[in-house]
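Visitor: In the numbering used here, the protein residues as written are 1026 to 1581.
The C-beta atom is built at its ideal place from N, Cα and C for all residues, glycine as well.
Questions regarding the structure given below will be posed in turn.
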């Protein structure tokens, strides 16, 4: 409903009707000029109310002339004699439509269609890790898109004496391998979450260390779970709207989904049954006490979120417990905890604690920024890092090779049999062990080589890093709704009898699903992810004690 500017009369009998500027778009007409006509009110009959005097008519004509031809009929009166100023409906609708279009466009296209250009963000110290996270998320998308239709993304080159595809060669295999990318996610999380507390610890700022850890602990659940819950709720809405009806038919046709038939949103008979099914999913998703991997029906790819949350809490506790130790002793203790986690097959904690160790070593070597005020320069010399570009490129290549360990059949794959023999028996998923080693080497090489960092600090990499979490949340539902629905039609055109036809169909499906997922991820990033971060900070500011607050005294 449009907003009306109401001009109230000054007395019950005489109405001073200001002849205000009606056209909001007319900037040439004087906005401060106000003329007043006085009309005498007689009895409240229909004829009296509708009559107008000659003086009023002449004033109306002069007013119309001042308003550049604005029709006097535009100024109408309600039953009380108040003047109503109607907005320009066409202009209002145009503005709403323009804003809607800009909002739904990807952020990188908005400046080309009238939106405000985004200011280039200043790169922070560890911006390369943001870019690495973005590319890792893209490769996870590749894996999730392909593994629905083929098992070959999970096996390596030469497995069982066959499978000699180019995409299965070491390093090339990373383009379609998702599990090692999860390892990279976790080690980056451990690194980033440890980075600032370690800075405070090394500057002997114990109060700030406690403040940073308390803030990170408080906001971690909100940061992880608000986007996840919103994402699953949107899937719930999509199920009730019928967006998954056809994909259910495809899922059960027996010839389209020939790879991994992962969890898919159920379609229940009633809204209430569907809602309670979604509610139980959320309850299990945020359960911090179950360390088993939870693949929910509404978005099974969110199994990493509870793992991230629990591992983050253990990481914060480890930092707090070792915060007063000397650097060498702290690294010795954390290394012991890491080996302990290897012994018990807690591969996710191995990655988080490895991120902590890398952050400590990098700060000892001062690879990111200037030394912190008060930081002692006499750390153990055996942490000194090589500066050779060739050395770190070699480390990267070795990390990529080890990280290419196949998810299935590692001990039957040439080049990886020796890694299978080194894997502890306690690992529930043996491929996680070599992929952990590969992820550590990859992150370490990027942190220490400016040359390699350039691959991840450009605008494309930083954009992918910014939307990575949102892209991760939305890409699964897109693949399960859009992807499942279009693949039968694509293969009906290309055929799938030969490898060429099969791969051509996959390429066409990818070219549809990836832009849609990227678009949805961009919108989700701006509409959900960024507001959730701001909400967490706002909530924290409202409920935490400030440094200047009076001390809390016991009741007298």
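Taking contact to mean at least 3 C-beta pairs separated by less than 8 Å, is the stretch 1223-1233 in contact with the stretch 1204-1213?
Guide: Contact fails: fewer than three Cβ-Cβ distances are below 8 Å.
Visitor: Do residue 1470 and residue 1421 have their beta-carbon atoms positioned less than 7 Å apart in this structure?
Guide: For the purposes of this step, residue 1421 is identified with residue 396 of the chain shown, where counting begins at 1. For the purposes of this step, residue 1470 is identified with residue 445 of the chain shown, where counting begins at 1. Closer than 7 Å, so yes.
Visitor: If you count every other CB in all the chains shown that lies within 10 Å of the CB of residue 1006, and 16 or more means buried, which is it?
Guide: Residue 1006 cannot be examined here, being either before or after the span of the chain that is shown, 1026 to 1581.
Visitor: Go ahead and label residue 1193 buried or exposed: buried means 16 or more other beta carbons lie within 10 angstroms of its beta carbon, across all protein chains shown.
Guide: For the purposes of this step, residue 1193 is taken as the residue at position 168 of the chain shown. Residue 1193 is buried by the Cβ-count criterion.
Visitor: Please specify which runs of the beta strand (DSSP E), each continuous and at least 3 residues long, are wholly inside the stretch 1140-1178, giving them in chain order.
Guide: For the stretch 1140-1178, not a single whole beta strand (DSSP E) run of length 3 or above is found.
Visitor: Who are the Cβ neighbours of residue 1311 in its own chain at under 6 Å, not counting the five residues just before and after it?
Guide: In the chain shown, the residue the question calls residue 1311 occupies position 286. These residues qualify, in order along the chain: 1250.
Visitor: Under a three-way DSSP split, which group does residue 1315 fall into?
Guide: Counting from one through the chain shown, the residue named residue 1315 turns up at place 290. Coil.
Visitor: Leaving out the 5 sequence neighbours to the left and right, which residues in its chain are closer than 6 Å to residue 1255 when beta-carbon positions are compared?
Guide: Counting from 1 along the chain shown, the entry for residue 1255 is found at position 230. So the list reads 1553, once near-sequence residues are dropped.
Visitor: In its own chain, which residues sit with a C-beta less than 8 Å from the C-beta of residue 1360, not counting the 5 before and 5 after it?
Guide: One-based indexing of the chain shown puts residue 1360 at position 335. Here the set comprises 1382.
Visitor: Measure from the alpha carbon of residue 1173 to the alpha carbon of each residue in 1531, 1561, 1559, 1270, then state which is nearest.
Guide: Your numbering for residue 1173 matches position 148 in the chain shown. The candidate whose alpha carbon is nearest that of residue 1173 is 1531.
Visitor: Is residue 1567 near the ligand PLP - that is, is its Cβ less than 6 Å away from at least one heavy atom of it?
Guide: The model depicted lacks the ligand PLP and carries no ligand whatsoever.
Visitor: For residue 1098, which three-state DSSP category applies?
Guide: Position 73 of the chain shown, counted from the first residue, corresponds to residue 1098. Because the pLDDT at residue 1098 is just 47, under 50, the model does not fix this residue reliably, and the point stays unresolved.
Visitor: Is residue 1577 helix, strand or coil by DSSP?
Guide: The residue labelled residue 1577 in the question sits at position 552 within the chain shown. In this structure, residue 1577 counts as coil in the three-state DSSP scheme.
Visitor: Considering just the uninterrupted stretch of the alpha helix (DSSP H) at residue 1249, what are its terminal residues?
Guide: Within the chain shown, residue 1249 is the residue found at index 224, counting from 1. Segment 1231-1266, the alpha helix (DSSP H) holding residue 1249.
Visitor: Can you grab the Cα-Cα spacing for the pair residue 1317 / residue 1458, in whole Å?
Guide: What you label residue 1317 is simply residue 292 of the chain shown in a count that begins at 1. What you label residue 1458 is simply residue 433 of the chain shown in a count that begins at 1. Each residue's Cα considered, the two are about 18 Å apart.
Visitor: By alpha-carbon positions, which one of 1415, 1493, 1151 ends up nearest to residue 1476?
Guide: Working through the chain shown from its first residue, we reach residue 1476 at position 451. Nearest option by C-alpha distance: 1415.
Visitor: Report the rounded CA-to-CA distance for residue 1345 versus residue 1205, giving the unit in angstroms.
Guide: Translated into the one-based positions of the chain shown, residue 1345 becomes position 320. Translated into the one-based positions of the chain shown, residue 1205 becomes position 180. Taking the straight line from one Cα to the other gives about 29 Å.
Visitor: Between residue 1324 and residue 1260, which are expected to be in contact by the criterion C-beta below 8 Å, what is the C-beta distance as a whole number of angstroms?
Guide: For this step, residue 1324 is matched to residue 299 along the chain shown. For this step, residue 1260 is matched to residue 235 along the chain shown. That belief holds up - the Cβ atoms of residue 1324 and residue 1260 are roughly 6 Å apart, short of 8 Å.
Visitor: Keeping to the same chain, check which residues put their C-beta closer than 6 Å to that of residue 1238; ignore five residues upstream and five downstream.
Guide: Position 213 of the chain shown, counting from 1, holds the residue named residue 1238. The residues are 1222, 1341, 1345.
Visitor: Does the Cβ of residue 1419 have 16 or more other Cβ atoms within 10 Å, making it buried, or fewer, making it exposed?
Guide: Along the chain shown, one-based indexing puts residue 1419 at 394. Exposed, by the Cβ-count rule.
Visitor: Take residue 1352 as the anchor and find which of 1374, 1339, 1384 has the nearest alpha-carbon.
Guide: For the purposes of this step, residue 1352 is identified with residue 327 of the chain shown, where counting begins at 1. The shortest Cα separation from residue 1352 among 1374, 1339, 1384 belongs to 1384.
Visitor: Per DSSP, what kind of secondary structure is residue 1198 in: helix, strand or coil?
Guide: By 1-based counting over the chain shown, the position of residue 1198 is 173. In this structure, residue 1198 counts as helix in the three-state DSSP scheme.
Visitor: In whole angstroms, what is the alpha-carbon distance linking residue 1509 and residue 1276?
Guide: Position 484 of the chain shown, counting from 1, holds the residue named residue 1509. Position 251 of the chain shown, counting from 1, holds the residue named residue 1276. Spanning the two alpha carbons is a distance of roughly 7 Å.
Visitor: Tell me the DSSP secondary structure of residue 1567 in three-state form.
Guide: Counting from one through the chain shown, the residue named residue 1567 turns up at place 542. Looking at residue 1567 - three-state DSSP - the assignment turns out to be helix.
Visitor: Per DSSP, what kind of secondary structure is residue 1572 in: helix, strand or coil?
Guide: Position 547 of the chain shown holds residue 1572. DSSP places residue 1572 in coil when its eight states are reduced to three.
Visitor: Out of curiosity, what's the CA-to-CA distance linking residue 1512 and residue 1235?
Guide: Taking the first residue of the chain shown as 1, we reach residue 1512 at position 487. Taking the first residue of the chain shown as 1, we reach residue 1235 at position 210. Roughly 52 Å between the two C-alpha positions.
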